[in-house]
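Participant: If you're matching positions, the sequence shown starts at 0 in numbering that gives the first Met the number 0 and goes up one per residue. Backbone N, C-alpha and C fix where the C-beta goes; we use that ideal spot for every residue, glycine too. One structure is given below, represented as structure tokens, and several questions about it will come after.
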Amino acid sequence: MLDKHQIQDYYKNGFIVIEELLNKDEIKKTRGIIDQFIEESREINESDNIFDLEDDHSKDNPRLTRVKQPHLINIHFLNLIKNSLITKVLKDLLGDNIILKSSKLNTKFEKGGSAVEWHQDWAFYPHTNDDVLAVGVMLDDINLSNGPLMVIPGTHKGPVLNHNNSDGIFCGAIDPKDKDFNLNDAIPLTGKAGSISIHHARLLHGSAMNESSSKRMMLFYELSAADSWPLVGAPSYMKFTSPNDLWKQMKSQLISGEISTCPRMENIPVRIPLPPPSDHGSIFKIQKTGNSKSAFM
């Protein structure tokens with residue numbers, strides 16, 4: 000699916016963009032389901048385990064920040080990552096055995112849409128190896144004015160920056176004054192609806208508010224090679240669920256191939272995202288209640 004130059008670019012820079020990978024029918028169906036989510040959100044007035052709401056959300060003017068784990072709400076979102084051209088792309092980067100970690104829809108409504116402060120996904124979920132990445136599916140045309148994902152090429156090969164605030168609390172964002180952060184090196188990832196971006200879990204990235212008059216919806220999936228295990232390990236999981244439930248969950252999130260019970264260990268830098276902030280329900284809540292510093296001011 001990917002040519003050798005695209006694969007080389009991913010490993011060198013930590014990201015690639017593939018133009019208009021999904022067809023119009025796939026985009027239309029996905030948007031239709033999202034429209035249903037937005038209608039359902041009219042009936043709630045505070046964030047819950049499915050919806051994160053903007054401060055100006057109301058029944059008459061529904062404005063979401065995020066829909067959490069859409070693949071658990073509607074099978075379409077699981078099929079999209081499991082049975083499409085995206086799946087073939089993932090195999091070129093992660094191999095045949097692939098596990099889905101999570102999914103999320105970041106909505107970014109017009110003239111608002113929360114910024115995502117600069118961070119590395121790796122700071123949130125270190126694994127035994129870093130064959131871990133995120134796929135971003137562009138559901139609208141994304142341009143410079145509507146809050147595109149921005150990345151700093153090559154930072155996936157560097158250190159894991161500190162994501163804790165001045166009080167030592169994990170805030171899910173770096174300090175813009177960090178000596179290893181240079182905003183001048185950032186580039187935006189733009190494209191037509193149906194395009195996808197892929198970025199390495201250790202790559203520095205963020206996105207500003209949507210200043211335009213049109214929404215910017217982007218569907219994200221976080222995935223890893225099946226032999227990449229979270230460093231908290233199985234015992235921590237099993238304190239909250241039975242081994243049977245854990246195995247069932249892993250099978251349900253298998254995108255391709257087989258589950259691995261032999262983690263591949265690599266010598267890579269990690270940080271553990273502790274102690275937690277008061278609200279850790281999403282990156283937006285973590286960055287807000289953790290009093291993170293903004294590079295977008």
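Short of 8 Å in beta carbon distance, which residues of its chain neighbour lysine 90, apart from the five on each side in sequence? Order them along the chain.
Facilitator: Within the sequence shown, residue 90 is the residue found at index 91, counting from 1. Counting only Cβ-Cβ distances below 8 Å, and skipping sequence neighbours, we find Met0, Ile97, Ser255.
Participant: Using alpha carbons as the reference points, say which of Glu38, Glu53, Glu25 lies closest to asparagine 209.
Facilitator: Mapped onto the sequence shown, residue 209 falls at position 210. Closest in alpha carbon position to asparagine 209, among Glu38, Glu53, Glu25, is Glu53.
Participant: Among Met137, Glu116, Leu92, Trp121, which has the Cα closest to the Cα of leucine 104?
Facilitator: Your numbering for residue 104 matches position 105 in the sequence shown. For leucine 104, the nearest C-alpha among the options comes from Met137.
Participant: Starting from tryptophan 117, trace the alpha helix (DSSP H) in both directions and tell me its first and last residue.
Facilitator: In the sequence shown, residue 117 corresponds to position 118, counting from 1. Not the alpha helix (DSSP H): tryptophan 117 falls in the beta strand (DSSP E), residues 115-118.
Participant: With DSSP run on the structure shown, which of helix, strand or coil describes tyrosine 124?
Facilitator: For the purposes of this step, residue 124 is taken as residue 125 along the sequence shown, with counting starting at 1. The answer is coil: DSSP assigns tyrosine 124 none of H, G, I, E or B.
Participant: Enumerate in chain order the residues of its own chain whose CB-to-CB distance from isoleucine 285 is below 6 Å, with the five nearest sequence positions on each side excluded.
Facilitator: In the sequence shown, counting from the first residue as 1, residue 285 sits at position 286. The beta carbon of isoleucine 285 lies closer than 6 Å to those of Gly171, Pro276, His279 in the same chain, with the five residues before and after it left out.
Participant: Could you check if glutamate 45 is buried or exposed, using at least 16 other CB atoms within 10 Å of its CB as the buried criterion?
Facilitator: The residue you call residue 45 lines up with position 46 of the sequence shown. The residue in question, glutamate 45, is exposed, as its Cβ has fewer than 16 Cβ neighbours within 10 Å.
Participant: Using CA coordinates, which residue listed in Glu265, Ile80, Asp120, Asn164 is at the minimum distance from threonine 154?
Facilitator: In the sequence shown, the residue the question calls residue 154 occupies position 155. Checking every option, the nearest Cα to that of threonine 154 belongs to Asp120.
Participant: Do you know whose CA, among Asp184, Val134, Ser223, lies nearest arginine 263's CA?
Facilitator: Within the sequence shown, numbered from 1, the residue matching residue 263 stands at position 264. Checking every option, the nearest Cα to that of arginine 263 belongs to Ser223.
Participant: Can you have a look at valine 16 and say buried or exposed, based on whether 16 or more other CB atoms are within 10 angstroms of its CB?
Facilitator: Reading the sequence shown from its first residue, position 17 is the one you call residue 16. It is buried - the Cβ of valine 16 has at least 16 other Cβ atoms within 10 Å.
Participant: Based on Cα-Cα distance, which residue from Met149, Asn164, Pro175 lies nearest to glycine 205?
Facilitator: Working through the sequence shown from its first residue, we reach residue 205 at position 206. With distances taken between Cα atoms, glycine 205 lies closest to Met149.
Participant: Can you list the alpha helix (DSSP H) stretches of 4 or more residues lying completely in the segment 64-99, in chain order?
Facilitator: As summarised for the segment 64-99, the continuous alpha helix (DSSP H) elements at least 4 residues long and confined to that stretch are 69-72, 74-81, 84-93, given in chain order.
Participant: Which residues share a DSSP beta bridge with proline 229?
Facilitator: Along the sequence shown, read from residue 1 onward, the residue named residue 229 stands at position 230. Beta-bridge pairing links proline 229 to His126.
Participant: Using the Cα positions of lysine 110 and lysine 3, report the straight-line distance between them to the nearest angstrom.
Facilitator: Counted from its first residue, the sequence shown places residue 110 at position 111. Counted from its first residue, the sequence shown places residue 3 at position 4. About 40 Å.
Participant: Locate the beta strand (DSSP E) running through aspartate 51, then write down its first and last residues.
Facilitator: Reading the sequence shown from its first residue, position 52 is the one you call residue 51. Start and end: 50-52.
Participant: Which value, in whole angstroms, describes the spacing of the CA atoms of glycine 167 and glutamate 19?
Facilitator: Residue numbering aside, residue 167 sits at position 168 when the sequence shown is read from its first letter. Residue numbering aside, residue 19 sits at position 20 when the sequence shown is read from its first letter. Roughly 42 Å separates the two Cα atoms.
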